[in-house]
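The structure under discussion appears below in the form of structure tokens.
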Amino acid sequence: MQQPQPQQEDILVWFLRVWGQIEANYIRILTGFGIAIVAALIVLFFYRAQTQRADAARTALGDVYIALYEGRVEDAIASSQEVMETYAGEAEAGEALMALANLHYEEGRIAEASTYFQQYLDEYPTDGPLGYGAWSGFASCLENEEKFAEAGQQFASFAEAHAGSPFAPIALKEAGRCYELGKMPQQASDAYQKIVKEYDESSVTRFARGQLNLMGIEID
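Residue numbers for the sequence shown follow the working numbering, so the first one is 514 and each next one is one higher.
Right, here's the structure in full:
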């Protein structure tokens, strides 16, 4: 289980202290304010603390993007790591993790990039743009190492796990491409045919049909 952050620990200590005072003086509280009002104030305190934490996380993530925009790669990497560690559990930490993975990939640090992409897949939802980004990023690391079969399988696995995702046909296209690079025509054909049969209105269907035609395979 994830350990509480320092701010969360402070809030918990405060809550226990205040709740002890409420229990000791609940008759006067009921008479003067009403327990519902006190409870509402406590909830508001928690909400504001969490909102402040989320705001701080967004601000810190903004520093990552500013560094990227200005071309300060090492600063962006350092800021990404800080956001990940300081705001673990927040959505911004996931974005920072993806930024970190992509930065390492762009710098040619494939092993580090692969580790961070895998970490995202282990700790965050794998659907949506970021989820597909992590899945395809990990596959790209495999492709970079010329592990074409594994890369193709990685892309195909995304399409299988998220068949209803708009990224599914794109993943199949990438799977077919990797299989072709790995001299695996049957697997490539299967991926392209699945696009045509299940995602006929996708933007990548024309590409899939073209590749199948080159293979001598016609599909109505």
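Positions of the beta carbon are idealized from the N, C-alpha and C atoms, including for glycine.
For H617, the enclosing alpha helix (DSSP H) covers residues 604–619. Where S592 is concerned, the enclosing alpha helix (DSSP H) starts and stops at 586–599.
By the Cβ-count criterion, E605 is buried, with 16 or more other Cβ atoms from all chains shown falling within 10 Å of its own Cβ.
In terms of CA proximity to H675, Y645 leads the group C691, R585, Y645, L655. Our two residues, K710 and A672, have alpha carbons roughly 14 Å apart in a direct line. Taking 8 Å as the cut-off, the beta carbon of S715 is found closer than this to the beta carbon of I708.
A676 sits in coil when the DSSP states are folded into three classes, being neither helix nor strand. E656 is positioned such that its CB atom lies closer than 8 Å to that of A664. When C-beta atoms of the region 634–650 are compared with those of the region 608–615, three or more pairs fall below 8 Å, so the two segments count as touching. When I732, A681, F680, P679 are compared, the shortest CA-CA separation from S702 is found for I732. C-alpha of Y633 to C-alpha of E608: approximately 9 Å in a straight line. Take C654, set aside five residues on each side of it, and the residues of its chain with a beta-carbon closer than 6 Å to its own are I623, A626, S627, in chain order.
A straight line joining the alpha-carbon of R571 with that of E595 spans about 12 Å. The straight-line gap separating the alpha-carbon atoms of T639 and G621 is approximately 24 Å. Residue environment analysis places Y712 among the buried positions, since at least 16 neighbouring C-beta atoms fall within 10 angstroms of its C-beta.
Under the three-state reduction of DSSP output, T572 falls in the helix class. Put simply, the backbone Cα of K686 is about 23 Å away from that of M611.
L725 sits close to Q706, with the two beta carbons spaced by under 8 Å. For the pair E658 and G602, the Cα-to-Cα distance works out to about 32 Å.
The alpha-carbon of D576 is positioned some 44 Å away from that of M697.
The Cβ atoms of F668 and A688 sit closer than 8 Å to each other.
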